[in-house]
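Heads up: the sequence shown at position 202 corresponds to 343 in this note's numbering, and the numbers run straight through without jumps.
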Amino acid sequence: MEKGKKKKKWWRLSSLFGAVKKHLKRSSNPVQGEVELQQEQEQSEGVKNQNQCKDRCSDDYTVRHNLVSDQLCEGGFDAEATRLKDDPELGSPQRLPEEKDLNILSTADAAEGNDQERKVMEKEKKKKKWNQKEQKARCSDDFISSHYQLGDLLGEGGFGSVYEARRLEDDLKVAVKYVNKTETYRPSLYIPGYQQHVPLEIALTILANKGPRVPEIIQLLDWKDYSDHFVMILECPSPCETLEDFVGRQGGRLNESLARRVMMQVTKAANVCCQRQVFHRDIKLSNLLINNQTLEVKLIDFGCGDILRTTVYMSYSGTATYVPPEFHIKGKYHGKPATVWSLGVLLFKIVAGYYPGFLDLHMLKLHLWSTTGLSNECCRLLRALLQIKPKNRIQLEEILSHKWFTVLNATT
């Protein structure tokens, strides 16, 4: 005990002697002393900043996991949120990062920010390049100028634009869609009766319209393929707007009677597409046109689609809000069950006014979910459509036979 006290006392005397020695040295050489003092202060400040950095990284780490929970509860299945939640390298929300993790986290955050900025810049650069190509194509396209008179821009996206136009021979109102091809990805498909491969979006639209005409599917009137882009001439129902705009004008949700009328047409379109071996893969509000007078609905835009097959798909090209949960869980999915899931998300959105979240799906599973103005049959259909396990979902062919579509006294 006495030995420990002596050692502690000796350490204090040694520290005091060192401090006196430094003071005398700085007094004899003020400039050198000032430099050494500044270096010590900077070193002390660096240690303080490092401790603050640890605290910030710890807080940021916890916020990341809290954000995952919020996204799952409020925004449905989000791909990035699910990745964070299931990533074994991130551990649990309670585990704070160790000192060796700090540089990794800060470097990763900086890299992520730079990567996002780079992607945005590349996207804008490509969009500008595509717009220039499109403008050049429109000006030099004898096929369009000799048969159609272009009008106003109806919409545009990352790969092209859609214009209103008039067919010169009969003054028919049409939509002209320009789609730019990328340098690395130019999907095409061979269709019997055509001499060469056809761009995939055109091929899928042709196949979806093959057979008796279905008014719920947009009709392709003509098309032209070029080396760096292709043009589609589509029917242009008038007056019409996207279902997204229509629902927005109704206050964000539809009454059950109107929702039934819309879903009956959308389900029929999806069913016919699958019968004709077309997997649309992007059935959503903005890919549905509705005539606000007759309430006729048309499925448009097969740009994210593929040929329907019985084997699994390992990648998803569509809208994140409609991604089936099996793709998040296992990284693969089948076409028909994924279509059923997207119809469930669509119905939920138009009758509830928001997209289904984790809590909504759990309540549906327990037969406890409902909202004002919805009948029990509507809730039962939602539960049948939004089953987490694909094998438990209602079959696509059975949806229109559900009681919700046949009941006469549903709540409106």
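In this text, a Cβ means the ideal position worked out from N, Cα and C, and glycines have one as well.
Q) Could you check where the alpha helix (DSSP H) with isoleucine 431 kicks off and where it finishes? A) It is not in any alpha helix (DSSP H) - isoleucine 431 instead sits in the beta strand (DSSP E) that spans 429–431.
Q: List the whole-angstrom C-beta distance separating isoleucine 431 from cysteine 377, where the pair is believed to meet the contact cut-off of C-beta under 8 Å.
A: Not really, about 14 Å apart at Cβ, beyond 8 Å.
Q.
Beta-carbon within less than 7 Å of glycine 392's beta-carbon, same chain only, minus the 5 sequence neighbours each way: which residues are those?
A. None.
**Q.** Assumed close pair threonine 480, cysteine 415 - CB separation to whole angstroms, cut-off 8 Å
**A.** Right, their Cβ atoms sit about 7 Å apart.
Q: Using three-state DSSP, classify leucine 225 as helix, strand or coil.
A: Legend: pLDDT at leucine 225 = 34, less than 50; position of this residue unreliable, no value from coordinates given.
Q.
Check this for me: beta carbons of phenylalanine 387 and proline 340, under 7 Å apart or not?
A. Their beta carbons are not under 7 Å apart, which means phenylalanine 387 does not touch proline 340 by this criterion.
Q.
Is the beta carbon of threonine 408 closer than 7 Å to that of leucine 522?
A. no
**Q.** Own chain partners of valine 320 with C-beta closer than 8 Å, once the 5 adjacent residues on each side are dropped
**A.** Phe300, Gly301, Pro340, Glu342, His370, Phe371, Val372, Met373 and Gly444
Q: Rank Thr462, Ala316, Ile491 and Glu357 by C-alpha distance to the C-alpha of alanine 410 and give the top, closest one.
A: Glu357
Q. Is histidine 370 helix, strand or coil when you go by DSSP?
A. strand
Q) Hey, which unbroken runs of the alpha helix (DSSP H) at 4 residues or more fall wholly within the stretch 480–515? A) 499–506
Q: Give the single residue among Met404, Lys530 and Leu505 whose Cα lies nearest to the Cα of proline 478.
A: Lys530
Q | serine 458, enclosing beta strand (DSSP E) - first and last residue | A | Unbroken run through serine 458: none, as it is neither H nor E.
Q) Taking Cβ positions, are valine 438 and valine 403 nearer each other than 7 Å? A) yes
Q | Proximity winner among Glu297, Gly296, Asp312 and Val303, relative to glutamine 290 (alpha-carbon distances) | A | Asp312
Q: Pull up the distance between the alpha-carbon of histidine 543 and that of leucine 395, whole angstroms please.
A: 20 Å
Q: Give, in chain order, every unbroken run of the beta strand (DSSP E) that is at least 3 residues long and sits entirely within the stretch 375–453.
A: Those beta strand (DSSP E) runs which fall completely within the stretch 375–453 and span 3+ residues are 429–431 and 438–440.
Q: Return the residue from the list Lys351, Thr462 and Lys532 that minimises the CA-CA distance to serine 427.
A: Closest by alpha carbon: Thr462.
Q: Count the other CB atoms, across all protein chains shown, that sit within 10 Å of the CB of leucine 309; report buried if there are 16 or more and exposed otherwise.
A: exposed
Q) What are the residues that DSSP puts in a beta bridge with proline 340? A) Ser329
Q.
Less than 7 Å between the beta carbons of tyrosine 474 and glutamate 467, yes or no?
A. yes
(Q) Check for me: the alpha helix (DSSP H) holding asparagine 517 runs from which residue to which? (A) 517–526
Q | Other residues of its chain near aspartate 572: CB distance less than 6 Å, five sequence neighbours each side excluded | A | Here the chain comprises residues numbered 142 to 553, so residue 572 is not present and cannot be evaluated.
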